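*Asks:* The opening position of the sequence shown corresponds to residue 14 in the working numbering, with each subsequent residue numbered one higher.
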Amino acid sequence: MVYDVIVIGAGPAGLTAGIYARSKMMSTLVLESGTVGGQLVALYPEKGIHNYPGFETVQARKLSDKLYAQAESMECDIRENQKVVDIVDGDQKIIVKTQDSEYEGMSVIVAIGMGEFTPRKLGAPGENELEGKGIDYILPVKEDLVGKKVVMFGGGNSAIEMALIADQVTDTTIVHRRPEFRADEMNVKNLNESNIRKIMNANVKSFNGTDHLESITLEQDGKEMTIEADLAVINIGITANLEILKKWGLELTENGLIKVGIDMSTNRHGVFACGDVVDYPGKYKQIITGCGEAATACLMAYKFVKKPYWA
Numbered sequence: 014m015v016y017d018v019i020v021i022g023a024g025p026a027g028l029t030a031g032i033y034a035r036s037k038m039m040s041t042l043v044l045e046s047g048t049v050g051g052q053l054v055a056l057y058p059e060k061g062i063h064n065y066p067g068f069e070t071v072q073a074r075k076l077s078d079k080l081y082a083q084a085e086s087m088e089c090d091i092r093e094n095q096k097v098v099d100i101v102d103g104d105q106k107i108i109v110k111t112q113d114s115e116y117e118g119m120s121v122i123v124a125i126g127m128g129e130f131t132p133r134k135l136g137a138p139g140e141n142e143l144e145g146k147g148i149d150y151i152l153p154v155k156e157d158l159v160g161k162k163v164v165m166f167g168g169g170n171s172a173i174e175m176a177l178i179a180d181q182v183t184d185t186t187i188v189h190r191r192p193e194f195r196a197d198e199m200n201v202k203n204l205n206e207s208n209i210r211k212i213m214n215a216n217v218k219s220f221n222g223t224d225h226l227e228s229i230t231l232e233q234d235g236k237e238m239t240i241e242a243d244l245a246v247i248n249i250g251i252t253a254n255l256e257i258l259k260k261w262g263l264e265l266t267e268n269g270l271i272k273v274g275i276d277m278s279t280n281r282h283g284v285f286a287c288g289d290v291v292d293y294p295g296k297y298k299q300i301i302t303g304c305g306e307a308a309t310a311c312l313m314a315y316k317f318v319k320k321p322y323w324a
């Protein structure tokens with residue numbers, strides 16, 4: 014089968030592209046290297062999202078589930094565990110190769126987020142030894158936090174939002190290496206009104222424990238302090254691997270992301286892109302932004318494939 018459009022990536026942007034493509038009755042294949050949801054589910058499944066229109070607050074996993082259900086209801090062909098290894102030009106079509114299959118499409122939309130990624134580590138003594146034994150990079154479900162002393166590391170939106178989730182059920186502390194948070198003002202306001210203990214201008218000296226985390230030694234203003242902890246959640250960003258984009262022949266910006274025009278077109282004929290993987294002046298990485306870019310990418314793919322009289 015030759016699809017009208019093949020969407021690579023099943024995070025919010027990719028699923029939105031699939032939904033819009035099917036609304037235009039385009040035969041649509043969505044390929045995901047892992048499981049549906051992208052980094053939204055891989056990194057922040059318990060995170061509460063407060064700025065997605067239509068929801069006062071929605072859990073990241075639930076938002077992903079709703080997008081997935083909508084895409085399926087519109088008969089997107091969604092296939093998990095299909096890692097794309099190459100995109101090559103065929104005879105008046107594009108061939109998308111995965112590790113074990115080949116798919117043919119008239120157009121392609123790349124929506125792989127930050128690609129393969131790993132959480133950034135603090136690099137403190139004891140971190141590697143106690144990973145999975147009280148040190149994690151994803152907040153466990155709330156039920157598993159009850160009765161534990163939780164320490165969150167980070168100063169962005171995700172770190173604060175995770176701390177606020179933990180604070181609902183247990184004793185919570187947030188540690189940031191700077192004097193101010195870099196999160197949205199609303200999140201900082203909610204943090205200040207919570208029971209969360211804040212430790213600013215602090216760096217980790219060591220994570221302490223034998224077979225599990227017992228305490229954390231911090232340095233603040235030249236003085237050391239040790240705090241008890243059962244769980245440390247480190248949320249200081251991710252290290253992305255987007256080297257595959259070069260193999261796909263896509264022009265990249267100096268940030269290593271796909272260079273797109275205002276219409277989400279790339280340098281390759283029939284290949285469009287959207288979401289966190291694209292870069293342009295004024296780019297703002299938000300779920301809603303990626304979804305908006307997906308709608309544009311889909312419209313341009315539709316014009317490219319169907320060539321309507323009004324295009």
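Note that the Cβ used here is the ideal one computed from N, Cα and C, for glycine as well. As the structure is a prediction and not an experimental result, all values here were calculated from the model.
Per DSSP, which residues does Ala-166 bridge with? Please list them.
*Replies:* Before going on, a small fix: residue 166 reads as Phe here, not Ala. Phe-166 pairs with Val-188, Ile-247.
*Asks:* So, does the segment 225-235 touch the segment 67-78, judging by three or more C-beta pairs under 8 Å?
*Replies:* Cβ pair count under 8 Å is below three, so no.
*Asks:* Tell me the residue span of the beta strand (DSSP E) that contains Lys-110.
*Replies:* Start and end: 107-111.
*Asks:* Determine the DSSP secondary structure at Thr-41, reduced to helix, strand or coil.
*Replies:* In this structure, Thr-41 counts as strand in the three-state DSSP scheme.
*Asks:* I'd like to confirm the pairing. Which residues does DSSP put opposite Ile-19 in its beta bridges?
*Replies:* DSSP, once it has assigned bridges, lists Leu-42, Val-121 as partnering Ile-19.
*Asks:* Within 10 angstroms of the Cβ of Arg-35, are there 16 or more other Cβ atoms? Answer buried if so, exposed if not.
*Replies:* Buried, because 16 or more other Cβ atoms sit within 10 Å of the Cβ of Arg-35.
*Asks:* Pairs of beta-carbons, one from the segment 119-127 and one from the segment 24-43, closer than 8 Å: are there three or more?
*Replies:* Yes: the two stretches touch, three or more of their Cβ pairs being nearer than 8 Å.
*Asks:* Relative to the C-alpha of Ser-228, which residue among Glu-264, Asn-254, Lys-260, Lys-161 is closest?
*Replies:* Residue Lys-161 is the option with its Cα nearest to Ser-228.
*Asks:* Give me the Cβ distance between Ile-209 and Thr-185, rounded to the nearest whole Å; I'm assuming they're in contact under 8 Å.
*Replies:* With a Cβ gap of about 5 Å, Ile-209 and Thr-185 count as contacting.
*Asks:* How about Gly-128 and Val-284: are their beta carbons less than 8 Å apart?
*Replies:* No.
*Asks:* Between which two residues does the beta strand (DSSP E) carrying Phe-130 extend?
*Replies:* First-last of the beta strand (DSSP E) with Phe-130: 129-132.
*Asks:* Who are the near neighbours of Ala-176 in its chain, counting only those whose CB is closer than 6 Å to its CB and skipping five residues on each side?
*Replies:* So the qualifying residues of the chain are Met-165, Thr-185, Ile-187, Ile-209.
*Asks:* Considering only the beta carbon of each residue, do Gly-167 and Asn-64 sit closer than 8 Å?
*Replies:* Cβ atoms of Gly-167 and Asn-64: not closer than 8 Å.
*Asks:* Less than 8 Å between the beta carbons of Trp-224 and Lys-146, yes or no?
*Replies:* Note that residue 224 is Asp in the sequence shown, not Trp. It is a contact, given that the beta carbons lie within the stated cut-off.
*Asks:* Would you mind giving the Cβ-Cβ distance between Leu-204 and Ile-178, rounded to the nearest angstrom? I have them listed as a contact below 8 Å.
*Replies:* The pair is not a contact, with the Cβ atoms about 12 Å apart (cut-off 8 Å).
*Asks:* Could you check what DSSP says for Asn-216 in three-state terms: helix, strand or coil?
*Replies:* Correct three-state label for Asn-216: strand.
*Asks:* Can Ala-124 and Gly-288 be called in contact, C-beta distance under 8 Å?
*Replies:* The answer is yes: Cβ separation under 8 Å.
*Asks:* So, using beta-carbon positions, are Ser-77 and Gly-47 closer together than 8 Å?
*Replies:* In this structure, Gly-47 does not lie closer than 8 Å to Ser-77 by Cβ.
*Asks:* When you compare the CB positions of Leu-143 and Val-182, do they come within less than 8 Å of one another, or not?
*Replies:* No, the pair does not count as a contact, with Cβ atoms beyond the cut-off.
*Asks:* Alpha carbon to alpha carbon, how far is Ala-276 from Leu-270?
*Replies:* Residue 276 is actually Asp in this sequence, not Ala. Straight-line Cα distance between these residues: approximately 16 Å.
*Asks:* Quick one: using the 10 Å Cβ neighbour count with 16 as the cut-off for buried, is Val-101 buried or exposed?
*Replies:* Counting Cβ neighbours within 10 Å, Val-101 comes out exposed, since fewer than 16 surround it.
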